[in-house]
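Student: Numbering (this note's numbering), first residue to last: 24 to 170. Here a beta-carbon is modelled for each residue, glycine too, at the ideal position from N, C-alpha and C.
Right, here's the structure in full:
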């Protein structure tokens, strides 16, 4: 739990690079937006997307999967944080979680606990199924936080 909270706090502290996303992509938030939404207001799960400019599957996810019609219904159901490991602070966070390859996505519930992860790319349909699964896992934490 402490490690998950540390990861979430560190992710909020680093500058997120969200430029160059195609139209129709989810809103990859700035650090302040993520803190405000995830920690204080909406109780949505968070997706930490570890990526790199030199990574082919990362670029495919960025251009084809995130803005796809299959994934679009999930855009507003998560807080999205894009962490380019070409940035030193993001690389340190990536390494601190002992991750080894990109793309690597960590799915956190509203309390900051890691509830799932994905290593490697996927098709829009596969990714949409993953997001549905993550939402079901996150629901107990959301229910508990509202009681």
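In chain order, which beta strand (DSSP E) runs of at least 3 residues are fully inside the segment 66 to 138?
Tutor: 69 to 74, 102 to 107, 127 to 131
Student: Please name the residue in 76, 92, 67, 84 whose C-alpha comes closest to that of residue 136.
Tutor: Comparing Cα-Cα distances from residue 136 to each of 76, 92, 67, 84, the minimum goes to 67.
Student: Using a Cβ-Cβ cutoff of less than 7 Å, which residues in the same chain neighbour residue 83 once the five nearest sequence positions on both sides are dropped?
Tutor: 144
Student: Is residue 162 helix, strand or coil when you go by DSSP?
Tutor: helix
Student: Given a cut-off of 9 Å on the beta-carbon distance, is the pair residue 101 and residue 69 in contact?
Tutor: yes
Student: Measuring straight from C-alpha to C-alpha, what distance separates residue 76 and residue 153?
Tutor: 24 Å
Student: Once DSSP output is grouped into helix, strand and coil, what is the label at residue 46?
Tutor: coil
Student: Going by DSSP, which residues form a beta bridge with residue 142?
Tutor: 127
Student: Using a 10 Å radius around the Cβ and a threshold of 16 neighbouring Cβ atoms, would you call residue 132 buried or exposed?
Tutor: With 16 or more neighbouring CB atoms inside 10 Å of its own CB, residue 132 falls in the buried class.
Student: Measure from the C-beta of residue 119 to each C-beta in chain C and report whether the shortest distance is under 9 Å.
Tutor: The question asks about chain C, but that chain is absent: this structure has only one protein chain.
Student: By how many angstroms is the C-alpha of residue 149 removed from the C-alpha of residue 74?
Tutor: 18 Å
Student: Drop a sphere of 10 angstroms on the beta-carbon of residue 92, count the other beta-carbons inside from all chains shown, and report buried for 16 or more, exposed for fewer.
Tutor: exposed
Student: In whole angstroms, what separates the C-alpha of residue 139 from that of residue 87?
Tutor: 22 Å
Student: Tell whether a beta-carbon distance below 9 Å holds between residue 128 and residue 94.
Tutor: no
Student: Rounded C-beta distance between residue 81 and residue 126? I'm assuming under 8 Å.
Tutor: So it is a contact: roughly 5 Å between Cβ atoms.
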